[in-house]
């Protein structure tokens with residue numbers, strides 16, 4: 445009966461599956477706006493050029509003097525491969541997949557309303573974590589790969605308070621809803637068909653956290669922002685089934701197709717950010733960010749079963765990681781703004797990699813623009829190319845090589861009232 449919780453442990457193990465190759469380190473997402481995408485998210489906690497700043501610093505809501513709304517949609521087109529590296533062509537070909545990650549859309553929306561000269565409130569809907577991967581059903585290492593999907597939505601109400609003309613603070617609550625899907629196949633070398641279902645599970649759950657921020661406006665051309673978002677323990681409950689016959693002594697994981705419940709807690713890390721914005725003249729500004737993510741909270745997968753306790757414990761050994769970004773904005777005229785940026789993203793699995801975590805350091809290069817349709821409305825577009833490093837690792841005595849690039853495009857509309 446211990447199999448009732450094993451598949452949920454696999455969900456968390458798979459929750460890291462190449463999502464890093466999609467956008468940011470670990471299975472972190474940074475696609476909060478098209479504006480930020482065009483500058484590689486440099487200066488996000490300080491610029492406050494539209495309502496999407498709420499995703500990075502709630503204190504920046506104090507800079508708005510009227511109701512502001514923003515809606516964004518990003519599309520991620522990855523190019524990720526995992527290859528066998530054993531030196532035996534037939535084995536390497538069986539362990540190779542050149543299309544690990546399917547494309548994915550990431551929406552986001554924001555609303556800010558000033559209440560008076562000091563107070564403002566707002567709410568954001570966006571995602572900080574997610575992934576989607578899809579190995580073929582007959583992939584040789586089917587028990588390690590398969591189909592995996594993790595989607596999270598952060599509902600984030602915030603308030604801000606302006607202390608004086610230079611300093612503002614803000615705080616918010618994070619209600620994170622997540623859904624997960626996992627399918628694992630038998631793979632080759634066993635008594636079952638390679639494309640048979642060894643484990644299939646779908647589940648969902650909630651987790652809660654908080655965030656705070658501060659903004660220092662030196663003057664209208666120079667400001668600095670700092671923010672912190674707490675870790676969130678996201679609890680999943682779901683339904684599991686397996687084609688493995690129930691009660692096999694040499695394989696106690698089967699349910700014979702019967703659906704049974706399971707549970708697991710996925711530990712999402714805390715995030716710290718420092719950003720600066722400096723407008724050097726009427727035509728040009730520079731901006732920059734340092735983001736630290738506390739991935740060391742993700743050390744293991746520990747699945748449990750009621751009345752049994754821990755039924756699977758897998759070490760993940762993530763390390764804390766950082767992201768540095770630098771960008772510039774060109775204010776061509778009242779209608780047009782152009783922006784560009786680049787970033788370096790450090791992998792949290794740099795000391796411990798598996799086929800379900802083929803994560804490597806990567807570089808980001810972004811371009812974008814804003815077109816002001818009127819005094820009240822503007823349109824943003826952004827594009828980023830992510831260049832991942834190639835890395836090798838060993839799992840269960842087999843050598844693998846992985847690399848992931850990605851292309852991300854986004855569009856956004858902003859309006860003030």
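Numbering (the working numbering), first residue to last: 445 to 861. In this text, a Cβ means the ideal position worked out from N, Cα and C, and glycines have one as well.
Original post:
Is it true that the CB of residue 480 sits closer than 8 Å to the CB of residue 496?
Top reply: The residue labelled residue 496 in the question sits at position 52 within the chain shown. The residue labelled residue 480 in the question sits at position 36 within the chain shown. The answer is yes: Cβ separation under 8 Å.
Original post:
Does the segment 534–544 come close enough to the segment 495–513 that 3 or more CB-CB pairs lie under 8 Å?
Top reply: Cβ pair count under 8 Å is below three, so no.
Subject >> Own chain residues within Cβ distance below 6 Å of residue 636, not counting five before or after >> reply: Position 192 of the chain shown holds residue 636. Listed in chain order, the non-local C-beta contacts of residue 636 below 6 Å within the same chain comprise 630, local neighbours out to five positions each way being set aside.
Original post:
Are the segment 504–516 and the segment 558–567 in contact at 8 Å, needing three or more beta carbon pairs?
Top reply: The segment 504–516 vs the segment 558–567: in contact.
Original post:
For residue 527, which beta-bridge partners are listed by DSSP?
Top reply: For this step, residue 527 is matched to residue 83 along the chain shown. According to DSSP, residue 527 bridges with 845.
Original post:
How far does the alpha helix (DSSP H) with residue 480 in it reach, from first residue to last?
Top reply: What you label residue 480 is simply residue 36 of the chain shown in a count that begins at 1. Membership of residue 480 in the alpha helix (DSSP H) is indicated by the continuous run 478–481.
Original post:
Taking all protein chains shown into account, do 16 or more other C-beta atoms lie within 10 angstroms of the C-beta of residue 814, making it buried, or fewer, making it exposed?
Top reply: Residue 814 sits at position 370 when you count from the first residue of the chain shown. Around the beta carbon of residue 814, 16 or more other beta carbons sit within 10 angstroms, so the residue counts as buried.
Original post:
What residues in its chain sit with their C-beta under 6 Å from that of residue 727, if we drop five residues either side in the sequence?
Top reply: Position 283 of the chain shown, counted from the start, is the residue given in the question as residue 727. Same-chain partners within the cutoff: 775.
Original post:
Roughly how many angstroms lie between the CA atoms of residue 549 and residue 570, to the nearest whole one?
Top reply: Taking the chain shown and counting its residues from 1, the one referred to as residue 549 is at position 105. Taking the chain shown and counting its residues from 1, the one referred to as residue 570 is at position 126. Those two C-alpha atoms are separated by around 12 Å.
**OP:** Report all residues from its chain with a CB closer than 8 Å to the CB of residue 817; omit the five preceding and five following residues, and keep chain order.
**Re:** Here residue 817 corresponds to residue number 373 of the chain shown, with the count starting at 1. Answer for residue 817: 823, listed in chain order.
**OP:** Select from 656, 521 and 618 the residue whose C-alpha is nearest the C-alpha of residue 502.
**Re:** Here the question's residue 502 lines up with position 58 in the chain shown. In terms of Cα proximity to residue 502, the closest of 656, 521 and 618 is 656.
Original post:
In chain order, what residues of the same chain have a beta carbon less than 6 Å from the beta carbon of residue 805, not counting five sequence neighbours either side?
Top reply: Along the chain shown, read from residue 1 onward, the residue named residue 805 stands at position 361. Cβ neighbours of residue 805 beyond the five flanking positions: 790, 791 and 833.
Original post:
Is residue 610 near the ligand PLP, going by C-beta to nearest heavy atom under 7 Å?
Top reply: Judged by which ligands are present, the structure shown has none, so any question about the ligand PLP falls away.
Original post:
Rounded C-beta distance between residue 850 and residue 580? I'm assuming under 8 Å.
Top reply: For this step, residue 850 is matched to residue 406 along the chain shown. For this step, residue 580 is matched to residue 136 along the chain shown. Beta-carbon to beta-carbon, residue 850 and residue 580 are separated by about 21 Å, too far to satisfy the 8 Å threshold.
**OP:** Could you please give the first and the last residue of the uninterrupted beta strand (DSSP E) stretch that includes residue 534?
**Re:** Sequence index remark: in the chain shown, residue 534 carries index 90 (1-based). Unbroken run through residue 534 is the alpha helix (DSSP H), 533–538; no beta strand (DSSP E).
Original post:
Which of helix, strand or coil does DSSP assign to residue 851?
Top reply: For the purposes of this step, residue 851 is identified with residue 407 of the chain shown, where counting begins at 1. Residue 851: strand per DSSP, three-state reduction.
Original post:
To which residues of the same chain is residue 715 closer than 6 Å at the C-beta, ignoring the five residues directly before and after it?
Top reply: Residue mapping note: residue 715 aligns to position 271 of the chain shown, counting from 1. Answer for residue 715: 673 and 737, listed in chain order.
**OP:** Give, in chain order, every unbroken run of the beta strand (DSSP E) that is at least 3 residues long and sits entirely within the segment 687–743.
**Re:** Listed in chain order, the complete beta strand (DSSP E) runs (minimum 3 residues) inside the segment 687–743 are 704–712, 715–723 and 728–737.
**OP:** Using alpha carbons as the reference points, say which of 609, 620 and 605 lies closest to residue 595.
**Re:** Locating residue 595 in the chain shown gives position 151, counting from the first residue. Of the listed residues, the one whose Cα sits closest to residue 595 is 620.
Subject >> Complete beta strand (DSSP E) runs within the segment 611–655 (minimum length 3 residues, chain order) >> reply: Along the length of the segment 611–655, whole beta strand (DSSP E) runs at least 3 residues long occupy 611–629, reported in chain order.
Original post:
If we call anything under 8 Å between Cβ atoms a contact, is residue 762 one with residue 743?
Top reply: In the chain shown, the residue the question calls residue 762 occupies position 318. In the chain shown, the residue the question calls residue 743 occupies position 299. Going by C-beta atoms, residue 762 is nearer than 8 Å to residue 743.
Original post:
Apart from the five residues just before and just after residue 681, which ones in its own chain have a Cβ nearer than 8 Å to its Cβ?
Top reply: Working through the chain shown from its first residue, we reach residue 681 at position 237. In the same chain as residue 681, and ignoring 5 residues on each side of it, the C-beta atoms closer than 8 Å to its own belong to 647, 648, 649, 705, 706 and 707, in chain order.
**OP:** Keeping to the same chain, check which residues put their C-beta closer than 7 Å to that of residue 492; ignore five residues upstream and five downstream.
**Re:** Counted from its first residue, the chain shown places residue 492 at position 48. Apart from the 5 residues on each side of it in sequence, residue 492 sits with its Cβ closer than 7 Å to the Cβ of 504 and 507 in its chain, given in chain order.
**OP:** Given a cut-off of 8 Å, decide if residue 574 and residue 471 are closer than it, judged by their beta-carbon atoms.
**Re:** For the purposes of this step, residue 471 is taken as residue 27 along the chain shown, with counting starting at 1. For the purposes of this step, residue 574 is taken as residue 130 along the chain shown, with counting starting at 1. Yes. Within cutoff.
Subject >> Whole-number beta carbon distance between residue 787 and residue 808, since they are thought to touch under 8 Å >> reply: For the purposes of this step, residue 808 is taken as residue 364 along the chain shown, with counting starting at 1. For the purposes of this step, residue 787 is taken as residue 343 along the chain shown, with counting starting at 1. The pair is a contact, with the Cβ atoms about 4 Å apart (cut-off 8 Å).
Original post:
Expressed to the nearest angstrom, what Euclidean distance is found between the alpha-carbon atoms of residue 591 and residue 645?
Top reply: The residue you call residue 591 lines up with position 147 of the chain shown. The residue you call residue 645 lines up with position 201 of the chain shown. So the alpha carbons of these two residues sit roughly 10 Å apart.
**OP:** Measure the alpha-carbon distance for residue 844 versus residue 811 and round it to whole angstroms.
**Re:** Reading the chain shown from its first residue, position 400 is the one you call residue 844. Reading the chain shown from its first residue, position 367 is the one you call residue 811. A straight line joining the alpha-carbon of residue 844 with that of residue 811 spans about 33 Å.
Original post:
Can you list, in chain order, the residues of its chain whose CB lies under 6 Å from that of residue 625, leaving out five sequence neighbours each side?
Top reply: Translated into positions along the chain shown, residue 625 becomes position 181. Taken in chain order, the residues that qualify are 593 and 646.
Original post:
Can you give the Cα-Cα distance for residue 605 and residue 560, rounded to whole angstroms?
Top reply: Within the chain shown, the letter at position 161 stands for residue 605. Within the chain shown, the letter at position 116 stands for residue 560. Residue 605 and residue 560 have their C-alpha atoms some 10 Å from each other.
Subject >> Closest Cα partner of residue 768 within the set 622, 484, 536 and 597 >> reply: Sequence index remark: in the chain shown, residue 768 carries index 324 (1-based). For the residues 622, 484, 536 and 597, the minimum Cα distance to residue 768 belongs to 484.
Original post:
Which partner residues of residue 830 appear in the DSSP bridge assignment?
Top reply: Residue mapping note: residue 830 aligns to position 386 of the chain shown, counting from 1. Per DSSP, the beta bridge partners of residue 830 are 808 and 850.
**OP:** Using a Cβ-Cβ cut-off of 8 Å, state whether residue 524 counts as contacting chain D.
**Re:** Chain labels in this structure do not include chain D; a single protein chain is all it has.
**OP:** Name the residue from 723, 601, 831 and 782 whose alpha carbon lies nearest to the alpha carbon of residue 615.
**Re:** Position 171 of the chain shown holds residue 615. Of the listed residues, the one whose Cα sits closest to residue 615 is 601.
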